[in-house]
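Everything below concerns the one structure shown next.
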Amino acid sequence: MEIRKVFVMGAGAMGSGIAQVTAQAGYKVTMEDISQEFVQRGLAVIEKSLGRLVKKDSISEQDKADIMYRINTATDLNGAKDADLVIEAISEDLELKLNALKQLDSICKEHTILASNTSTLPISAMAAATKRQSKVIGIHFMNPVPVMKGVELIRGRHTSDETFQTSKAFVESLGKEPGEAIDYAGFVASRIIDAMMNEAFYCVMDGNKPEDVDKLMKICCNFPMGPLELCDFAGADIVLRGLETMHKEFGDRLRPAPLLKAMVRSGDLGRKTGRGFYDYT
């Protein structure tokens, strides 16, 4: 099956990034969110990102205009009717995602592939909420989407080979590098990264300063970003949800650190709230 039109559900950091790279690759894409405010915010993020590419001479002003022209917006799911591929990129909440997949299943054409950008939640559970389990797959982009090259592809128990190969070809057409992960909580990337961040939280609880933890991981392990900086970038609430999902599946070895829970309770979520392990005000 050939992908021509793409529908992205969610205009946040992940949704806007997915819409951008899809339009950059020449596809027509519709980016949807629940309000015009959220959609416009997502468009502004894309325009700013493309502006940086213009300044670097990676693309021209005409290229930028052409890319923006290929992005339509919506505040309902009707635009998914004509899509060949739908990518759900909403909040990391299983009930929300199950409801979204049910709605999309009833709206989309029979051939349409339904993909989830979830970083931790089971693809098979989402597929079971639809009547097209063979056409449901996980396509997990990394944040920030325009920069990160890797993409995890996750089959559900009944995902067909055709769906997998079509999704793989789509990811490659974006200039990304796909890799397959098994459908367990956290897959591969999030499972390992979140476990590492969780251990970093315990290091802080043991008395280490956040800046020392991050510095040592960067200078000793050649990390581009320390685990606590990464938590602030992703959002402590997002990291906590991921760890809670994996804790349910794998037990105490992935129990979220009490420090992370305390930060989320106090609203210290990282960059988006101005304060996390570091002060961004």
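Heads up: the sequence shown begins at 303 in this note's numbering, then just goes up one per residue. Glycine is no exception: its CB is placed at the ideal position from the N, C-alpha and C atoms.
* To do: In the DSSP assignment, find the beta strand (DSSP E) that holds P526 and state where it starts and stops.
  => On the sequence shown, position 224 is the one that residue 526 refers to. No beta strand (DSSP E) contains P526, which DSSP labels as neither H nor E.
* Pull up the distance between the alpha-carbon of D407 and that of T432, whole angstroms please. => Translated into positions along the sequence shown, residue 407 becomes position 105. Translated into positions along the sequence shown, residue 432 becomes position 130. Whole-angstrom Cα-Cα distance: 6 angstroms.
* For A483, the first and last residue of its enclosing beta strand (DSSP E) -> Mapped onto the sequence shown, residue 483 falls at position 181. 479-483 is the extent of the beta strand (DSSP E) around A483.
* Spatial neighbours of S426 within its chain, please: CB distance less than 7 angstroms, with the 5 preceding and 5 following residues excluded, ordered by chain position. => To locate residue 426, count along the sequence shown from 1; it is residue 124. The answer, listed in chain order, is G458, R459, D485.
* Under a three-way DSSP split, which group does R577 fall into? -> As a working note, residue 577 is residue 275 in the sequence shown. Strand, per DSSP.
* Report buried or exposed for A346, applying the criterion of at least 16 other Cβ atoms within 10 angstroms of its Cβ. => Your numbering for residue 346 matches position 44 in the sequence shown. Exposed, by the Cβ-count rule.
* **CA-to-CA distance, L561 to D570, given in whole angstroms** => Indexing the sequence shown from 1 puts residue 570 at position 268. Indexing the sequence shown from 1 puts residue 561 at position 259. Cα-Cα distance, rounded: 11 angstroms.
* Give the C-beta separation of K437 and I409 to the nearest angstrom, bearing in mind that I take them to be a contact with Cβ-Cβ under 8 angstroms. => Your numbering for residue 437 matches position 135 in the sequence shown. Your numbering for residue 409 matches position 107 in the sequence shown. About 14 angstroms separates the two Cβ atoms, so there is no contact after all.
* Check whether the Cβ atoms of S294 and G544 lie closer than 8 angstroms to each other. => What the structure shows of the chain is the stretch from 303 to 583, and residue 294 is not part of that stretch, so it cannot be assessed.
* **One or two residues paired with G572 in a DSSP bridge** => Start at 1 with the first residue of the sequence shown, and residue 572 comes out as number 270. Answer by DSSP bridge pairing, in chain order: R577.
* To do: Would you decide whether C533 is buried or exposed? Buried here means 16 or more other CB atoms lie within 10 Å of its CB.
  => Position 231 of the sequence shown, counting from 1, holds the residue named residue 533. Flag for C533 reads buried.
* Inspect the CB distances between the stretch 472-482 and the stretch 502-520 and report whether three or more fall short of 8 angstroms. => no
* Thinking C-beta only, is V331 closer than 8 angstroms to R372? -> Here residue 372 corresponds to residue number 70 of the sequence shown, with the count starting at 1. Here residue 331 corresponds to residue number 29 of the sequence shown, with the count starting at 1. For the pair R372 and V331, the CB atoms are nearer than the 8 angstroms cut-off.
* For E334, the residue or residues it bridges with in DSSP -> Mapped onto the sequence shown, residue 334 falls at position 32. Per DSSP, M311, A376.
* To do: Taking E546 as part of the alpha helix (DSSP H), name the residues at either end of that continuous run.
  => Indexing the sequence shown from 1 puts residue 546 at position 244. Here the alpha helix (DSSP H) through E546 covers 538-552.
* Can you check the stretch 314-368 for any beta strand (DSSP E) of at least 3 residues that lies completely inside it and give the ranges in chain order? => 330-334
* For E454: DSSP bridge partner residues -> In the sequence shown, the residue the question calls residue 454 occupies position 152. Paired residue(s): H442, G481.
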